[in-house]
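**Student:** The structure follows.
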Amino acid sequence: MAKIESFRDLEVYRKAHQHAQTIFERSQRFPTEEKYALTDQIRRSSRAVTALLAEAWARREYRADFINKVNQSLGEAMETQSWLDHARSCGYLDEEEYTELDDA
């Protein structure tokens, strides 16, 4: 196992970063009228997952802070799933795209 020297070495960070990128790419097709509602929200929450994981890494020597940041990251991940539900319900994602993103 390689030594973890940075938050970028964490598998969870790498997967979350890729997930946020995929959401960004898919959300570029969302209608203009969703720009400030769904599009911005799903992009913000998916990106917040990685930002909070980076913060957790920085605070890893302070157990309570570390746990708090990881929990906040989980909350943002759940928020992202909620926005994915809305995107599917509105027909902006087909079932295959939704499943790919929801399972990530």
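Remember, the working numbering sits 5 above the position in the sequence shown when you count from 1. Quick reminder that beta carbons are idealized off the backbone N, C-alpha and C, glycines included.
Label Arg-65 either buried or exposed according to how many other C-beta atoms from any shown protein chain fall within 10 Å of its C-beta, with 16 as the threshold for buried.
**Tutor:** Counting Cβ neighbours within 10 Å, Arg-65 comes out exposed, since fewer than 16 surround it.
**Student:** Given a threshold of 16 other Cβ atoms within 10 Å of its Cβ, counted over all protein chains shown, does Lys-74 qualify as buried or as exposed?
**Tutor:** By the neighbour-count rule (16 or more Cβ atoms within 10 Å), Lys-74 is buried.
**Student:** Pick out whichever of Asp-107, Ala-61, His-24, Glu-10 has its Cα sitting closest to the Cα of His-91.
**Tutor:** The option with the nearest alpha carbon to His-91 is Asp-107.
**Student:** Which parts of the region 42-74 are runs of the alpha helix (DSSP H), unbroken and 4 residues or longer, counting only runs that do not cross its ends?
**Tutor:** Qualifying alpha helix (DSSP H) stretches, in chain order: 45-63.
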